[in-house]
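Counting in this note's numbering, the sequence shown runs from 548 upward without gaps. No residue lacks a Cβ here, since even glycine has one placed at the ideal position from N, Cα and C. Everything numeric in this text was worked out from a predicted model, so none of it was measured.
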Amino acid sequence: MRIFTVILAVWGTCCVAQGGEGTSFRRVAVGAEEAGFFRTACDAMETEHFRLIHDMRADEAEGMAKVLEFAHDQFGSYFGGYGFELHDCGEPLEWMCFRKKTLFADYAFATENADLSWLSGYYSSRTNRVAVVRPWRVRKWYGPGRHVADVSARVDDGVDDGLVKIVHEAGHQLAFNMGLQKRGVMYPFWATEGIALVFEDCVSEYLPRGRYSDGRKERLLELYRAGSLIGVHEFITMSRLPAGVRDADVYAQAWGFFQFLCANRAEDLKEYFARLYSLRPGGRSVRHLRREFEQSFGPLDHLNREWLLFLKSSAAAPYVCQTCPSRDGEHIKTGAAFSDSP
Ligand SMILES: [Zn+2]
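Printed below as a string of structure tokens:
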């Protein structure tokens, strides 16, 4: 049976939050295969949950590792707060971080047999690794204003997209290693990207200048008002970005749709992910994907009516607070765009 491989690329710009002190680092040996991808000197460090193989300066690598441990903590409390059953990652999760984009692209080509030179980072369900180009701002992470995991996340416009990249890809990797998703199983686009996108949102809570999903929210509502959203019947079975639609628009819809399900259908959402987790690896047809969705969420027409009401109320109310689980289990206001019910 063909194993379904997912490559989950970075999308979006935005930023993150605070915490994460006390991360412990351990220098470890780099395997010969991994070292071969760097061509020059490289190094590796392990934290409690991650192994970072890189050719950066040691302090830059430590900054990244702190953000990764921060993401791990946030992931558990965020999705655990919604009642998802999570388990430990097991072995340290591997990251490959390259200073040079050309080395990153060569690595991607060698391991994925695909030209991914247009990306700056991705998670691969086949290798279970994340590969990234070193965030351009990493050297400033030790400057004034420490906001995320003991590194500085704040920039003039409130956004450090290098940090967002790390958190987004960590979200994918953690989902596939903590029990939300199973490697080799095919997932629709909205489900896989939705996890990483709403995960970014939760960590952005700590930022002083608002959420970095504001742009997605704005675009989602523009598309809704223009009648340009992809119909639910098609959207719930899409397994990749469709041709002829701007990628950013599809991501905005995935973000909004996942928010909608978290707010209105959290129990169904958990049931849906548990159902897919029980499947054997391999691709499935659109017909199967639709049936699985309806088994968890009920008739599509009903759900579509709720979704449209949700959008309508969101468009009518430019700012409605929603609650989301905080790290300590209490609920905090997130300032999300949507109300709890349509
Ligand atoms: Zn993604």
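When you compare the CB positions of residue 732 and residue 826, do they come within less than 7 angstroms of one another, or not? yes
Where do the N-terminal and C-terminal ends of the alpha helix (DSSP H) with residue 715 fall, by residue? Looking at the DSSP string, the run of the alpha helix (DSSP H) that includes residue 715 is 708 to 722.
Report back the beta-carbon spacing between residue 852 and residue 799 to the nearest angstrom; my notes put them in contact at under 8 angstroms. 21 angstroms between Cβ atoms; not a contact.
Looking at the secondary structure, which residues open and close the alpha helix (DSSP H) in which residue 849 lies? 847 to 863
Helix, strand or coil for residue 635 per DSSP? Residue 635 carries a coil assignment under DSSP once its states are collapsed to helix, strand and coil.
Within 6 angstroms: the Cβ of residue 743 and any heavy atom of ligand 1? yes
Tell me whether residue 632 counts as near ligand 1, meaning its Cβ is closer than 6 angstroms to at least one heavy atom of that ligand. no
Rounding to the nearest angstrom, what Cα-Cα distance links residue 831 and residue 820 in this structure? 15 angstroms
Taking the beta strand (DSSP E) that residue 668 falls in, what are its first and last residues? 668 to 671
Reference residue 652, options 677, 639 and 728, closest by Cα: 677
Cβ neighbours of residue 784 in the same chain (closer than 7 angstroms, five flanking residues each side left out): 735, 833, 836 and 837
Helix, strand or coil for residue 871? Go by DSSP, reduced to three states. Per-residue confidence for residue 871 stands at a pLDDT of 40, beneath the threshold of 50, marking its modelled position as unreliable; no derived number is given.
Determine contact between the stretch 585 to 602 and the stretch 631 to 639, defined as no fewer than three beta-carbon pairs at a distance below 8 angstroms. yes
Looking at residue 740 and ligand 1, is the gap between the Cβ and the nearest heavy atom below 6 angstroms? Correct: residue 740 has its Cβ closer than 6 angstroms to ligand 1.
Kindly indicate which residue of 673, 807, 624 and 671 has the alpha-carbon position closest to the one of residue 737. 807
Cβ pair count under 8 angstroms reaching 3, the stretch 569 to 587 against the stretch 610 to 627: yes
Label residue 621 either buried or exposed according to how many other C-beta atoms from any shown protein chain fall within 10 Å of its C-beta, with 16 as the threshold for buried. buried
Can you look up residue 662 in the DSSP assignment and give me helix, strand or coil? Under the three-state reduction of DSSP, residue 662 is assigned to coil, being neither helix nor strand.
What's the C-alpha gap between residue 628 and residue 818? 15 angstroms
Limits of the unbroken alpha helix (DSSP H) element including residue 795: 794 to 811
Would you kindly check if the distance between the Cβ of residue 850 and the Cβ of residue 844 is under 7 angstroms? yes
For residue 618, the first and last residue of its enclosing alpha helix (DSSP H): 605 to 628
Buried or exposed: where does residue 649 fall if 16 or more other Cβ atoms within 10 Å of its Cβ makes it buried? Note on residue 649: under 16 other CB atoms within 10 angstroms of its CB, so exposed under the neighbour-count rule.
Per-residue burial, residue 587 [other beta carbons within 10 Å of its own, 16 or more giving buried]: exposed
Whole-angstrom distance between residue 645 and residue 655, CA atom to CA atom: Their Cα atoms are separated by approximately 11 angstroms.
Under the DSSP definition of a beta bridge, which residues are partnered with residue 590? 601
Would you list the one or two residues that DSSP bridges to residue 679? 644 and 668
List the DSSP bridge partners of residue 573. 593
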